[in-house]
Every structure is written in C-alpha cells, then in structure tokens.
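First residue of the sequence shown: 1, per the UniProt record's numbering; consecutive thereafter.
Reading through the structure tokens given below for one structure.
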Amino acid sequence: MVDLDLEELADCDVLLIDGRSGSGKTHLAERMVQTFAALLRPAQVLHVEALYPGWDGLAAGSLALAAALRTSSYRAYDWIAAAFGARERIEPRVPLVIEGCGAITAENLAAAENWAAAAGAALPRVRSVWLEVEAVTRKRRALARDGEVYAPHWDRWAAQEEELYAWHRPWELADRTIAISACDDPIG
C-alpha cells in the first residue's frame, strides 16, 4: 500500500473505509487496528460484508449499516448457510473501524457520528477514506483473495457497485482519497 501516515488516520473515533472490490479496504482496516493498538486505543472492526444479504445485497448491506450503528447491533450474514445468523453487538467504545463496499454514504457518516457520541466521544471525530484502484488491479487482487468462490460473481457485484456509487458518490463525501497503483499493490 502507498506510504500513509496511519497515525494521522487514527486521529478519530470512527474510521470508515470504502472502495470497490479488491481495492484494499480490509488490508487498510487491519493496518489501522494495529496502529490504534500501538496508540493504546484498541479498535473494533465492523466489516460491511457481514450486512450484505448475499451476492445481490450490496445496496441493502449499505443501508443496513446506519441501522446497525443506531442499535449497536446487527445480525451477521453467514455466506455458507446463505442466511443471517445470531445478533452481534457493536461495543459502545471507540475507536471503531468500518470497512466495506457501501460504507461511505451521507446517512452512514451521520449514523457513525451519532454512534460515537453515544459511545462517549465528547466531540465525535468521524473520518472517511475512499480507496481508488484501477479495475485490472482490483480484479486480480479480489480473485487472488477469494478465488473461484468470487469469480462467478465479479460482474454482477461490479454492476451493483456502479449503481450504488453513482448514487452516493462516496469519493466526494470522503475526507481523503487514496489512489493506489499496481506498483503500490501490497498483494503483488
């Protein structure tokens, strides 16, 4: 990944990381958890993919994020059983890292700020990052990560991304856009 000042990104109560499939959201979230820990602020992570109701559920999962933050809980989707499972709790403590396609919408940003206030942040600090990566690199990375499980779904997921992102334009809402080229690719 490009050289980032991760401590600067960690100057928040909630960090939302968004980008198209294969852009490095999970990788950045993992690095941010390590950074928060080094700053003695252990972070919890909410993966938006736990909210998608299957391969055709990108928009529904994005909408479900605000509700999960309002209630500090959600039912995680079990991709093997193709059903929602037991209710999971979002602990009322900051910092919280939220990563996944559809994380950054105006409603989700507002819900994150309200959640941080309810979790005890005096002046809630919500930051958001959009990851911009060329399509060829993203597809190679996503298929290397998920292999044949994801391959048959790539095109229909990409079509959902196009529709959702055309509507919400998260790169315009994000505090920061990080462009990653193939030479910056940590996956190779």
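Note that CB positions come from ideal geometry on N, CA and C, so glycine has one too.
Values in this document were obtained by computation on a predicted structure and should not be read as measured data.
Tell me which residue opens and which closes the alpha helix (DSSP H) that residue i is part of.
i      : result
Ala76  : That residue, Ala76, is in no alpha helix (DSSP H); its beta strand (DSSP E) goes 73-78.
Arg31  : 25-38
Tyr165 : 154-168
Ala116 : 106-118
How long is the line joining the alpha carbons of residue i and residue j, rounded to whole angstroms?
i      : j      : result
Cys76  : Arg93  : For clarity, residue 76 is Ala in the given sequence; the question names Cys instead. Each residue's alpha carbon lies about 20 Å from the other.
Leu131 : Ala81  : 30 Å
Arg169 : Phe36  : 28 Å
Val126 : Trp55  : 29 Å
Gly120 : Ala174 : 24 Å
Val33  : Glu8   : 13 Å
Ile187 : Ala117 : Per-residue confidence for Ile187 stands at a pLDDT of 37, beneath the threshold of 50, marking its modelled position as unreliable; no derived number is given.
Asp185 : Arg70  : Confidence is the limiting factor: at Asp185 the pLDDT is only 48, short of 50, which leaves the residue's position unreliable, though a coordinate-based value still follows. The straight-line gap from Cα to Cα measures roughly 35 Å.
Ala29  : Ile98  : 8 Å
Lys139 : Gly22  : 6 Å
Ala106 : Glu49  : 19 Å
Ala60  : Leu39  : 34 Å
Gly85  : Gln44  : 20 Å
Trp115 : Arg31  : 23 Å
Leu96  : Leu164 : 23 Å
Asp155 : Ala110 : 31 Å
Tyr150 : Leu143 : 7 Å
Ala67  : Leu16  : 15 Å
Which two residues bound the contiguous beta strand (DSSP E) that contains residue i?
i      : result
Arg127 : 126-133
Mind checking who residue i pairs with in its DSSP beta bridge?
i      : result
Gln44  : Leu96
Glu88  : Tyr74
Gly177 : According to the sequence provided, residue 177 is Thr. The question's Gly does not apply to it. Thr177 is bridged to Trp130.
What three-state label does DSSP hand residue i in the structure shown?
i      : result
Leu15  : strand
Leu69  : helix
Ala83  : strand
Leu4   : coil
Tyr52  : coil
Ala10  : coil
Ile187 : Residue confidence for Ile187 is low, a pLDDT of 37 falling below 50, so the modelled location carries little weight and cannot support an answer.
Leu21  : In the sequence under discussion, the amino acid at residue 21 is Ser, which differs from the Leu named in the question. Here Ser21 sits in coil by DSSP.
Gly57  : coil
Ser64  : Checking the sequence shown, residue 64 turns out to be Ala, not Ser. If DSSP states are grouped into helix, strand and coil, Ala64 belongs with the helices.
Leu143 : helix
Ala151 : helix
Between residue i and chain C, is there a C-beta pair that is closer than 9 Å?
i     : result
Ile17 : The structure shown contains no chain C; it holds only a single protein chain.
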